[in-house]
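Heads up: the structure comes next, in structure tokens.
Residue numbers (the numbering used here), protein chains in the order written: chain A, -3 to 347; chain B, -3 to 347; chain C, -3 to 347.
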């Protein structure tokens, strides 16, 4: 399965690349090195010196360029050779570069035609910038499964009732039918759970009894290639969602970027509208989320991937259920986008 | 090399699957999950949920069914979906199941056409049930080599003189010619070693001097696919095998089941007619056997396999010796059985 | 890329194979076992018993032969079966053997046609025998890269200025143009660095100030398949190279032998003309060299190899620089030698 190329993928959290630092990361099966030059700008080029194929990431950043650690050639963020200590710079001495945007605490990379890179194509995620530090956390997880399995996981939250039964699940997801809507850019899955048992975590945070009931909702919005927001909240059953107890909303980010066909860079973040100043709560909240992702979601998705092996998802003829509507729409939409991109791509010589 | 399918393979020791428990085990290159339901019956189905391909073995046993840990679908031992929490059960929602027999302390699985499963095809191994616990031990070893290499190993016991020289070997196997006989179902290899040096272990157990001599015998019986019994005994040289010192007989079981073409599930057990009540001896005896298998046989067979790589045994043109007669007859008999099975199998549509 | 076969490869240091000892080593993708018999001669045969394919290296040396640890067959250094405990020795029971020379503290193996093995084809490395023990050290490193990458590394010493900047590098290699010469057998690369900053190691050993300048030189000689000597020295700038301070010469050996297309046996040694009796200095010197090779060269070459994957070096279209002249001449010369060997090889039936 090819990848969508002319779009922004999240390559890293911005603070993964400090001033003068570099980060080697395989993206869409290509070795990339990201580096931050003396002008504080992040560049991204092929992580392979064209001279002897040493990874540039074994070198260091000097000024605005990355210098190969083997023989000292240096390249700027446009992929141009700017230093050859052993003679004149050959005219053809350049390497593949990737347009970069730094926004919303992240580094975004354009894996398609550089000339087509369009800053307006990056989805607005400014809620990440606006959150106080004590109500924000983020993380990275290396996922041993295809990125679309991670998308499926978020698009169908009924898994929460089984995989996360001791924390986030109460059966409410399963008992409630989701409403899926699709626009040109977006697939969204919405759920309203009325008069339902709260999840173990809700009960702990709100201090609810076993018999208590809540109204809750959650809303996932996917856009290409694999950027997902997940908002959710709850009130004591029957209360107004605009009332005084509507103070349990979270707005979360789940972004997955393919490393290879079987591995994934998983970026996640969470913000909330309660306990905004409570740094200790913030830390516990982040730890709980990381534990759930790393010990429940990731191992299950890895097991799915191992079970599927090299097979294509559709070739295995999955027996789809009602709950798969959101994820199937996403898979089909993305497949169409990839197909369209392939059909409209100029022939090799014109690129 | 394909596998014989319409026969009983040993899948597990019965106590590997407690009540309400499950066991994931790859058998003949297929992912299988074995589970014991509330009726105490063991079922076996494909270890892959047909919905999203998560391994069912990451779920749990509920009642008589195994429930997927990802989205809650449940399947019984016939492979039928019996629970779909997300709507009606689709008519076609079923997975491959495997007939199971529980007998002789083991779980036996039929990897061929379920309708052909024949309980009478299971070889009588009731000696395993009849032994007192203090004269019985069993074990499992994961073998990093093709199952036929493990069969070869038992069918040619001359290896004992070299590989197990410090415990079981005395040179007697090498000095004695084996008698190989073949029937429709069975290949057997028999050896009588007359007036021979005892093995180091015999000497230790019987308290013999260096000069002592013994008459010993052993008898291996193979039947398809890879079930082998090995009986053996000894008396002081010249004494009657029915006399008062004929108290060193063991009756052993060696069963190998292919995991993949290069890995094997090795099940073994031993019973004996001496020191029947001696639990401490029993434990030492079991430990010694396990040590020999795991530190001498298994590493050698793994090294053979590594040396052979992906090559077929016959393609490598082994230089066969007299001692290979038993193992070669077994390889040829099994190959014929597999060939016959393939020729008589109904076309795909009729199965 | 095929290998040159009719030549001597270094297989081991002589002391890696003590009396009665054996060494399993894969060479040019072939499993070889080297062993030293009771006559103190080293033999080399295929590390795979022709009976059941067990590695002979899991057996032991008995007399002048190596005995299989599985069923007791024994083979001499000519590959002839000399013991079959299970019957007469079959006429055809022989395995591939490899001519061996022991010289210059090393074991040399002829991987081509045995009849063509020519002792005079081994390069004179008698300087290794002549050095006092306190001015000699040697080592072995397992290299995770193709052997030609290791050759490239020595043929282009400008890498010293970048990869070894804190020890051997001062920028002098980069600032000085090398002179490359080629003869029938040999490619050599010579450098004279005049009035240059000394390297950090030179400065430490000579006790030089930051401002001191030196004249230095180094000379690499490659011969097929991959034997390289590297001599070097220095004097305070302007002094005669025959003068009283010309006491910093080293004569070093770098030999690489392919294990597989992606892994290498790296043998190295060093001798010198100063501090000849200083065993403590000798040890520090050896440690420093080993640290540099194992923590700087080998990881960089491994990273190159990982970056290149299975691709051929030339297929990747390296952007060559002036500094590549020596290594490119070696690559081309070796490729021609391999090509010539293939063209003149007799057809399969006549070998």
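Think of the CB as a built atom: it goes at the ideal place given N, C-alpha and C, for glycine as much as any other residue.
In the DSSP output, which residue or residues are listed as bridge partners for residue i?
i, result
"residue 316(B)", "Partner(s): none; residue 316(B) has no beta bridge."
"residue 181(C)", "Note: residue 181(C) sits in no beta bridge, so no partner."
"residue 21(A)", "28(A)"
"residue 187(C)", "214(C)"
"residue 148(A)", "Note: residue 148(A) sits in no beta bridge, so no partner."
"residue 97(C)", "104(C)"
"residue 6(B)", "104(B)"
"residue 301(B)", "Answer is none; residue 301(B) lacks a bridge partner."
For the beta strand (DSSP E) that contains residue i, what are its first and last residues?
i, result
"residue 42(A)", "38 to 42"
"residue 138(C)", "132 to 139"
"residue 212(B)", "210 to 219"
"residue 248(A)", "246 to 256"
"residue 171(A)", "Taken as a continuous stretch (DSSP letters only), residue 171(A) belongs to no beta strand (DSSP E), being part of the alpha helix (DSSP H) at 168 to 171."
"residue 196(B)", "That residue, residue 196(B), is in no beta strand (DSSP E); its alpha helix (DSSP H) goes 196 to 202."
"residue 262(B)", "259 to 268"
"residue 230(A)", "223 to 232"
"residue 31(B)", "26 to 32"
Could you tell me the boundaries of the alpha helix (DSSP H) in which residue i lies?
i, result
"residue 81(B)", "That residue, residue 81(B), is in no alpha helix (DSSP H); it is neither H nor E in DSSP."
"residue 284(B)", "275 to 288"
"residue 323(C)", "321 to 340"
Nearest to residue i by CA position, among the options, is which residue?
i, options, result
"residue 50(B)", "325(A), 297(A) and 308(A)", "297(A)"
"residue 261(B)", "217(B), 96(B), 235(B) and 103(B)", "103(B)"
"residue 290(A)", "264(A), 128(A) and 237(A)", "264(A)"
"residue 59(C)", "79(C), 44(C), 240(C) and 42(C)", "79(C)"
"residue 211(C)", "155(C), 226(C), 236(C) and 88(C)", "236(C)"
"residue 38(B)", "85(B), 69(B) and 29(B)", "29(B)"
"residue 115(A)", "205(A), 97(A) and 122(A)", "97(A)"
"residue 245(C)", "119(C), 201(C), 304(C) and 121(C)", "201(C)"
"residue 10(A)", "136(A), 64(A) and 248(A)", "136(A)"
"residue 32(B)", "8(B), 299(B), 267(B) and 281(B)", "8(B)"
"residue 249(A)", "224(A), 111(A) and 272(A)", "224(A)"
Does any residue of chain A bring its CB to less than 8 Å from the CB of residue i?
i, result
"residue 66(B)", "yes"
"residue 107(B)", "no"
"residue 258(B)", "no"
"residue 300(C)", "yes"
"residue 44(B)", "yes"
"residue 196(C)", "no"
"residue 137(C)", "no"
"residue 318(C)", "yes"
Please tell me whether residue i has its Cβ less than 8 Å away from any Cβ of chain C.
i, result
"residue 130(B)", "no"
"residue 81(A)", "yes"
"residue 89(A)", "yes"
"residue 47(A)", "yes"
"residue 331(B)", "no"
If we cut at 8 Å on Cβ distances, does residue i have a partner in chain B?
i, result
"residue 93(C)", "no"
"residue 6(A)", "no"
"residue 71(C)", "no"
"residue 345(C)", "Model confidence at residue 345(C) stands at a pLDDT of 49, short of 50, so the residue's coordinates are unreliable; what they give is reported in the following sentence. It does not: the Cβ of residue 345(C) has no partner Cβ on chain B nearer than 8 Å."
"residue 50(C)", "yes"
"residue 155(A)", "yes"
"residue 22(C)", "no"
"residue 54(C)", "yes"
"residue 254(C)", "no"
"residue 295(C)", "no"
"residue -3(A)", "no"
"residue 166(A)", "no"
"residue 86(C)", "yes"
Inset, instruction - Could you list the residues in the region 168 to 190 of chain C with a C-beta less than 7 Å from some C-beta on chain E, going in chain order? - result: Checking the listed chains, one finds no chain E in this structure; the protein chains it contains are A, B and C.
Legend entry - Segment contact flag, the region 135 to 148 of chain A with the region 177 to 189 of chain A, C-beta cutoff 8 Å, min 3 pairs: Segments in contact, no.
Inset, instruction - Pair every Cβ in the region 316 to 327 of chain B with every Cβ in the region 145 to 165 of chain B, then say whether three or more of these pairs are closer than 8 Å. - result: yes
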